[in-house]
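Note that our numbering numbers the sequence shown so that position 79 is 126, with each residue one more than the last.
For every residue, glycine included, the Cβ atom is placed at its ideal position computed from N, Cα and C.
Here the structure comes first, spelled out in structure tokens, and everything after it is commentary.
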Amino acid sequence: MLVLVAPGQGAQTPGFLTPWLELPGLADRLGSWSDVVGIDLVAYGTTAGADEIRDTAVAQPLLVAAALAAAEALGATPDLLAGHSVGEFAAAALAGVLTPEQALHLVRERAQAMAKAAAVTETGMTAVLGGVAEEVLAGIEKHGLTPANINGAGQIVAGGTLEQLAAFKEDAPARARLISLSVAGAFHTHHMAPAAESLREAAWNVVPSDPRITLLSNADGQAVASGAEFLQRLVNQVSNPVRWDACMETMAGLGVTKMIELLPGGTLTGLAKRGLRGVQTVALKTPDDLDAARELNT
């Protein structure tokens with residue numbers, strides 16, 4: 048059983064799209080999608096610096112467009128689809144819930160709204176690696192933080208105010224390593240509630256279709272058969288924690304044996320190597336990875 052997964056914010060690196068533009072039609076596709084999202088996807092994916100593509104309003108549409116373009120180049124026929132955070136929009140489009148243009152339009156609205164919400168209060172996110180999960184979650188709660196990403200494989204990301212995060216760092220859980228993330232704000236926490244409302248308004252006139260391929264939700268890791276419900280979950284997820292651990296548990300329960308991570312790959316296959324032991328993985332980073340991914344799809 049093959050699962051195709053799309054990464055979330057933070058996976059982008061300067062110039063990651065450059066080698067992909069050599070593929071026939073890909074530059075034209077990105078050019079047309081640039082009109083949808085209102086930014087030059089080709090420029091941001093090739094010549095822009097790290098600070099430029101770290102901007103939430105740039106990173107989110109860039110990641111979704113890159114995942115969709117890579118999926119088109121790959122031509123895989125997965126049994127299962129899932130995306131991490133904003134990657135859920137790419138997964139929704141690949142499952143047929145949204146068209147690529149609908150997904151990118153909503154991502155543009157999501158990204159702009161989240162950037163605006165992040166500017167209200169000084170917030171951030173800290174990755175917690177290792178430690179005992181129960182103790183880590185207790186420490187996060189103690190300091191008034193939110194477990195914004197529960198990624199499994201010994202990784203939990205806490206989100207909240209900079210003051211709360213500083214106090215948490217001083218009182219770190221035993222045997223855990225804390226890493227401050229370079230993000231604009233506390234995504235997937237209550238600080239993003241205004242962004243969720245903005246996205247809800249943008250999604251009001253969107254008519255989704257039911258998924259053609261089994262599609263997992265970050266809310267609880269479960270497959271969602273209704274396109275309308277999945278769209279509602281996409282809206283709510285902006286201010287709710289990402290349960291990638293639950294997604295991997297469902298993958299294991301369904302008997303997933305192979306995983307291909309769409310461009311820019313590496314993060315989710317890294318988690319799978321620790322959380323889904325024995326599953327074959329390929330991360331798409333350059334077009335040279337397409338052959339290995341296609342072999343996995345046979």
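DSSP places Ser79 in the helix class (H, G or I) of the three-state scheme. Between the alpha carbons of Cys294 and Ala129 lies a distance of about 8 Å.
Assigned with DSSP and collapsed to three states, Ala272 falls in coil, not helix or strand. Partner residues in a beta bridge of Thr94, as assigned by DSSP, do not exist. Of all alpha-carbon atoms in Thr208, Ile86, Gly57, Ala174, the one lying nearest the alpha-carbon of Arg101 is that of Gly57. Separation of Leu263 and Leu127 (C-alpha to C-alpha, rounded to the nearest whole angstrom) is 8 Å. About 20 Å separates the beta carbons of Val204 and Ala160, which is beyond the 8 Å limit, so they are not a contact pair. When secondary structure is reduced to three states using DSSP, Gly207 falls in the strand class.
Counting the other CB atoms within 10 Å of its CB gives Asn198 a total of 16 or more, which places it among the buried residues. Contact check for Ala95 against Pro71 fails: the beta carbons are separated by 8 Å or more.
Bridge pairing for Ile197: Ile203 [DSSP]. Your pair Pro311 and Pro54 checks out as a contact, with CB atoms roughly 6 Å apart and the cut at 8 Å.
Using a Cβ distance threshold of 8 Å, His190 and Val289 do not count as a contacting pair. Within the same chain, His190, Gly191, Leu192 come within 6 Å of Gln211 by CB-CB distance, once the 5 residues on both sides are set aside.
With fewer than 16 other Cβ atoms from the protein chains shown falling within 10 Å of its own Cβ, Gly85 counts as exposed. Around the beta-carbon of Val111, 16 or more other beta-carbon atoms lie within 10 Å, marking it buried. Using a 10 angstroms sphere on the CB of His152, the tally of other CB atoms reaches 16 or more, which defines it as buried. With contact defined as three or more Cβ pairs closer than 8 Å, the region 319–328 and the region 303–310 are in contact.
Per DSSP, Ile260 lies in no alpha helix (DSSP H) segment and is marked neither H nor E. Following the DSSP letters along the chain, one finds Lys320 inside the alpha helix (DSSP H) bounded by residues 314–322. Comparing alpha-carbon positions, the option among Gly206, Ala250, Ala221 lying closest to His238 turns out to be Gly206. When DSSP reads this structure, Ala174 sits in a beta bridge with Val204, Ile226. Between the C-alpha atoms of Ala185 and Ala200 there is a straight-line separation of about 18 Å.
Of the residues assessed, Ser245 falls on the buried side of the cut-off, its CB having 16 or more other CB atoms within 10 angstroms. Closest in C-alpha terms to Ser79, from the list Glu148, Ala118, Asn252, Glu69, comes Glu148.
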